[in-house]
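Below you'll find the structure, written out as structure tokens, and then a few comments.
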Amino acid sequence: MSGTFVGMPAFPKAAHEAVGNTTLRANLRHATHTIRDKRAKAVAELDDWALLREAGKQIKDHTLRHLDTYLVQLEETVTAAGGTVHWAADADEANRIVTHLVKETGECEVVKVKSMATQEIGLNEALEEAGIAAYETDLAELIVQLGHDRPSHILVPAIHRNRGEIRDIFTKEMGEWGRPAPEGLTDTPAELAEAARLHLREKFLRAKVGISGANFMVAETGTLVVVESEGNGRMCLTLPETLISVVGIEKIIPTWRDLEVFLQTLPRSSTAERMNPYTSMWTGTTDTDGPRAFHLVLIDNGRTDTLADEVGRQALRCIRCSACLNVCPVYERAGGHAYGSVYPGPIGAILSPQLRGTASEIDASLPYASSLCGACYEVCPVAIDIPEVLVHLRERVVQGGPATRQGNRVVLKPAKGHAAERAAMRAAGWAFVHPGALRAGQRMASRTRRFHPRTLPGPGRAWSATRDLPQVPAEPFRDWWQRTHGKKESGK
Amino acid sequence: MRVALFLTCVNDTLYPDTGRAVVNLLTRLGVDIDFPMGQTCCGQAHYNTGYRHEAEPLARKFSDVFGEYDAIVTPSGSCGAMVRELYPRMGERARAEGRGDGLAAALAPVVPKTYELTEFLVDVLGVTDVGAYYPHTVTYHPTCHGLRSLGLGDRPYQLLMAVKGLDLKELPGAQECCGFGGTFAVKNSDVSAAMGEDKVRNAGSTGADVLCAADNSCLMHLGGTMSRLHTAMRPVHIAEILASTEEEPLS
Ligand code: SF4
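Protein chains in written order, with our numbering: chain U, 42 to 533; chain S, 550 to 800.
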């Protein structure tokens with residue numbers, strides 16, 4: 042994945058700052074709660090939601106099981122429709138391919154449709170190094186780009202910004218990139234949108250190359266689908282002469298019939314709309330309309346490694362609706378940046394450590410960035426059991442074990458820094474299979490209870506900095522039971 | 550019917566009152582309840598922290614100790630969910646790792662017989678009015694495992710609403726996690742504490758003097774937060790409220 046996030050601190054450290062930032066917390070709380078409630082209403086309208094969810098899950102599982110077949114079919118159909126397919130094993134290869142394609146056109150600027158995949162591979166940075174300017178055209182992405190910031194949400198990348206902050210960014214930065222913001226810009230949504238519209242219109246009309254991702258790729262016809270709200274995506278997809286789409290290999294679905302399911306579940310889950318305002322679909326090139334050249338760059342970048350893992354592979358069903366972010370109490374308080382990846386929130390916590398591996402500090406800490414409350418699983422429109430995968434990845438972090446990296450089966454070593462915990466877990470495990478030992482421990486705790494502090498030193502401070510400890514009772518339950526019901530003890 | 554109390558290691562060690570409450574309540578309802586002394590821990594903390602292999606002997610032990618009973622009752626949503634939801638998964642994982650059906654077969658008998666307390670009362674005994682008396686204002690926090698893993702639904706509310714003298718207040722944001730999450734409380738203590746404080750604040754806004762839940766782990770976290778924030782509210786396990794009667798009120 043992208044080098045942008047290299048050296049990120051572990052999740053708890055990054056979250057610590059966000060929790061203390063009251064503006065950020067208020068922005069996030071307001072935004073996530075609003076969309077969360079709307080989503081619940083939009084979903085409740087459909088009697089067959091549970092069936093749609095199950096259908097979405099099964100379509101994706103089927104496709105992933107036969108991914109090889111469908112990818113080859115897609116390559117054939119895209120090629121037959123006049124497109125060119127490129128295969129990229131990792132981020133570097135994808136960036137090289139795209140940079141080369143842009144250079145071939147002789148252009149030094151491109152307009153971009155909001156795309157997670159290009160952020161994942163750090164395409165903008167790679168293009169910049171090659172002297173090519175990439176302009177984000179999604180309103181929220183524009184805010185992020187102008188603010189020299191990072192996205193903090195899949196769907197609403199600038200969710201961490203309020204209107205006042207956006208006005209300041211526009212006023213200060215737009216002139217550096219193109220048409221400046223109008224004089225005396227206020228923070229009303231209509232004025233902010235108009236400023237963005239004027240700024241972007243200039244870019245659309247000038248650009249010769251557009252770069253996009255895709256929400257879906259239909260194998261049977263080679264059709265790509267982009268679902269959006271603003272219409273800026275459609276401008277990028279239709280106005281330039283060359284269109285380059287960078288898409289993860291898991292975005293494929295076999296047929297148009299399958300698309301029907303996701304076009305119902307995606308908008309309701311993401312923006313709480315019955316249908317999104319713009320659904321753009323294109324199949325290769327057409328003689329009299331749209332781009333003259335179409336390139337599809339298919340990226341793996343850790344996906345086949347993820348696919349090899351029986352428990353973890355369900356993360357590849359994700360349709361990036363962001364419903365799991367919006368219901369997540371941890372995301373709401375820690376913010377998107379703490380996840381150290383373009384994929385924040387619950388899905389990021391299971392996707393990043395699989396795409397990138399668990400070697401770095403941030404990736405090894407992500408599986409713990411959850412209280413396992415299960416709210417994400419409940420809302421996920423493709424039924425990804427995120428808590429299950431989190432626990433599975435915790436196991437990989439603390440115990441190591443078999444995994445696939447760059448296509449090779451490897452046996453991972455347990456991560457460093459868990460030795461004390463591992464020893465404690467083993468000791469507790471031993472005591473728990475020997476009830477006598479447990480009882481001795483309980484009695485000791487009861488006998489010394491007068492001396493127990495209500496706060497703890499050392500690592501225990503993590504608990505007692507904000508919470509008092511419970512008082513140890515005079516006798517554990519089992520002693521009371523023995524005293525009062527001892528005779529009918531079952532003997533076990 | 551031979552009924553066993555699976556109290557859980559946390560309750561046994563730290564919250565014996567909850568255990569006594571379950572015994573009194575079920576005895577009052579005519580259930581002959583036993584506490585098998587061999588019981589310890591279901592392995593949930595091990596499993597959820599990533600020590601699945603260390604949790605396996607604990608699960609086997611659980612099955613040994615409780616296998617002979619007709620029903621296993623636990624006053625903990627999360628430990629109940631461990632047995633019902635995760636024991637079958639542990640068996641499947643062992644099978645997928647090429648270790649055969651042994652674990653799955655060993656754990657299978659206890660899975661359908663394990664009930665969280667409010668499920669046992671409403672579904673097995675078929676009672677919602679347990680004859681309790683508790684003259685206090687109460688708000689109920691449905692803990693995540695009870696809510697989402699076990700699907701306890703309105704069972705706890707039905708039981709609480711039938712308690713004489715009890716004034717039940719709706720908790721705003723009830724379905725949101727309290728922030729305990731086992732090791733999460735320590736590994737991500739800042740976020741955990743922020744979640745706990747929000748839950749306590751929401752509970753406080755109801756004007757209730759008691760915050761009730763069906764899981765003492767969450768109540769330990771919330772109670773510790775309340776005592777640090779010096780709120781007047783106190784945490785009480787649902788078993789203790791249901792056990793309380795006019796003759797023997799909960800002190
Ligand atoms: S994991 Fe599920 S809920 Fe989260 S973004 Fe992906 S599809 Fe949506």
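Even for Gly, the Cβ is constructed at its ideal location relative to N, Cα and C.
query                                                                                                              : result
S:Y636 beta carbon less than 7 Å from that of S:A553                                                               : no
Per-residue DSSP class, three states only, for U:I184                                                              : helix
Reference U:A334, options U:V352, U:R361, U:I285 and U:L348, closest by Cα                                         : U:I285
U:C534 Cβ short of 6 Å to the ligand SF4 heavy atom set                                                            : Since the first residue shown for chain U is 42 and the last is 533, residue 534 of chain U is missing from the structure and cannot be characterised.
One or two residues paired with S:V632 in a DSSP bridge                                                            : None; S:V632 has no bridge partner.
DSSP three-state assignment for U:L339, whether helix, strand or coil                                              : strand
Pair within 7 Å by beta-carbon distance, S:V571 and S:P624                                                         : yes
Closer than 6 Å: U:S401 CB and nearest the ligand SF4 heavy atom                                                   : no
Within chain U, partners of S:S625 - CB distance below 9 Å                                                         : Within chain U, no residue comes near S:S625; the closest Cβ sits about 13 Å away, beyond 9 Å.
Chain-ordered neighbours of S:Y636 on chain U, where CB pairs are closer than 7 Å                                  : Residues of chain U passing the Cβ test: none, with the nearest at roughly 14 Å.
Proximity of S:S612 and S:L656 at Cβ, strictly below 7 Å                                                           : yes
Buried or exposed (CB count within 10 angstroms, at least 16 for buried), S:R633                                   : buried
Spatial neighbours of U:P295 in its chain, beta-carbon cut-off 7 Å, leaving aside the 5 residues before and after  : T104, Y111, A260 and E261
Rounded straight-line distance, which links the Cα of S:A653 to that of S:E641                                     : 7 Å
Below-7 Å beta-carbon distance, S:H595 vs any chain U residue                                                      : yes
Per DSSP, cross-strand counterpart(s) of U:S539                                                                    : There is no way to answer for residue 539 of chain U, as the model of chain U reaches only from 42 to 533.
Assigned secondary structure, S:L729 (DSSP; H/G/I helix, E/B strand, else coil)                                    : The amino acid occupying residue 729 of chain S in the given sequence is Phe; Leu does not appear at that position. Reduced to three states, the DSSP call for S:F729 is coil.
Proximal chain U residues relative to S:E725, where beta-carbon distance stays under 7 Å                           : P370
Under 7 Å between C-beta atoms of U:P318 and U:S270                                                                : yes
Meets three-Cβ-pair contact criterion under 8 Å: the segment 213-222 of chain U and the segment 319-330 of chain U : no
Buried versus exposed, by CB contacts within 10 Å (16 or more), U:G274                                             : buried
Near the ligand SF4: U:R508 beta-carbon under 6 Å from a heavy atom                                                : no
Cutoff 7 Å: U:W504 Cβ touching any chain S Cβ                                                                      : yes
Rounded distance between the beta-carbons of U:L164 and U:V287, thought under 8 Å                                  : 7 Å
Entirely enclosed beta strand (DSSP E) segments - the segment 235-307 of chain U, minimum 3 residues               : 250-253, 257-259, 264-269 and 283-289
Below-7 Å beta-carbon distance, U:R374 vs any chain S residue                                                      : yes
Sequence-distant residues of the same chain with beta carbon closer than 6 Å to S:G647, five excluded per side     : none
Check whether U:T73 and U:E419 have beta carbons under 7 Å apart                                                   : no
For S:N597, three-class secondary structure by DSSP                                                                : helix
Rounded separation between U:S43 and U:L396 - CA only                                                              : Below a pLDDT of 50, predicted positions are generally treated as unreliable, and U:S43, at 44, falls in that range; the measurement from the model is reported next regardless. Taking the straight line joining both Cα atoms gives about 11 Å.
Reference S:S741, options S:G730, S:E668, S:A763 and S:I790, closest by Cα                                         : S:G730
Endpoints, beta strand (DSSP E) assigned at S:C761                                                                 : V759 to A762
Buried versus exposed, by CB contacts within 10 Å (16 or more), U:L187                                             : buried
Close Cβ partners of U:P50 (< 6 Å) along its chain, the five nearest in sequence each way excluded                 : none
Where U:T64 falls, given that 16 or more other Cβ within 10 Å makes a residue buried                               : exposed
Buried versus exposed, by CB contacts within 10 Å (16 or more), U:L92                                              : exposed
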